[in-house]
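Sequential numbering of the sequence shown, starting at 719, is according to this note's numbering.
Let me begin by presenting the structure, written as structure tokens, before commenting on it.
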Amino acid sequence: MDLEQLVRHTILSEVAAMSLYTRLANSVVHDDQRGLLRMLAAAEESHIGRLTELVGELGEEGARVLGSIGLVAGLRLEADKQLEDQLAAFGLGVASTVRELLHFAIAMEAKAGGHYSRLAAEAADERLRAFFSLLVEEEAGHAAQLEHLRQMLEASSPTG
């Protein structure tokens with residue numbers, strides 16, 4: 719995977735996660751749950767910001783990559799389509815429950831962590847290696863926070 723593909727894929731994944739957490743935040747009724755999901759959406763957005771700063775520091779190639787991607791605004795529609803495709807692959811869609819979407823989100827965080835771990839191992843640039851290693855830790859933290867939220871929902875459920 720070349721630098722442009724790596725940056726594009728990472729931004730798409732982070733924007734899709736941000737969209738999912740925003741969707742979930744708009745679906746839950748408890749303020750603490752909504753706050754946690756909005757915090758996760760903001761964390762995904764910060765990953766994009768840190769990646770673009772880092773790539774911008776890579777000199778001419780970094781500038782070329784950032785210019786060719788069209789960055790977040792141009793990728794938003796593609797990320798939304800990617801998210802819908804991923805949801806459909808899990809048998810999820812507009813009518814899915816918050817619990818179903820949380821299960822999906824936990825699985826996606828684990829998948830992202832594995833992907834970023836591979837990217838960290840393959841990165842030639844030490845800064846990219848450190849960035850992707852940090853993302854591995856952060857995605858694991860997101861999965862843990864989502865699992866906590868899932869447990870909170872189960873505890874507050876009249877049947878659970």
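Backbone N, C-alpha and C fix where the C-beta goes; we use that ideal spot for every residue, glycine too.
query: Quick one: is R836 buried, meaning 16 or more other Cβ sit within 10 Å of its Cβ, or exposed?
result: Exposed.
query: First and last residue of the alpha helix (DSSP H) that includes H765?
result: Membership of H765 in the alpha helix (DSSP H) is indicated by the continuous run D749 to G774.
- prompt: A813 by DSSP, collapsed to three states: which one?
  reply: Coil at A813, not helix or strand.
Segment contact flag, the stretch 824 to 841 with the stretch 776 to 785, C-beta cutoff 8 Å, min 3 pairs: Contact between the stretch 824 to 841 and the stretch 776 to 785 is absent, because fewer than three Cβ pairs lie under 8 Å.
- prompt: Which class does G777 belong to by DSSP, given the choice of helix, strand or coil?
  reply: Coil at G777, not helix or strand.
query: If you draw a straight line from the alpha carbon of E818 to that of G767, how long is it in whole angstroms?
result: Rounded to whole angstroms, the separation of the alpha carbons of G767 and E818 is 29 Å.
- prompt: From L758 to M736, what does the alpha carbon distance come to, in whole angstroms?
  reply: If I take the Cα positions, the gap works out to 7 Å.
- request: Assuming E856 and A797 form a contact by the criterion Cβ under 8 Å, report the distance between their Cβ atoms to the nearest whole angstrom.
  value: That pair is no contact at about 18 Å.
field: Delimiting residues of the alpha helix (DSSP H) encompassing V746
entry: That residue, V746, is in no alpha helix (DSSP H); it is neither H nor E in DSSP.
Nearest-angstrom Cα separation, counted from R868 out to H821: If you take the alpha carbons of H821 and R868, they lie about 8 Å apart.
- prompt: Going straight from the alpha carbon of Q751 to that of A839, what length do you get?
  reply: Between the alpha carbons of Q751 and A839 lies a gap of roughly 34 Å.
task: Check whether the Cβ atoms of L721 and V783 sit closer than 8 Å, and answer yes or no.
output: Yes, the pair counts as a contact, with Cβ atoms nearer than the cut-off.
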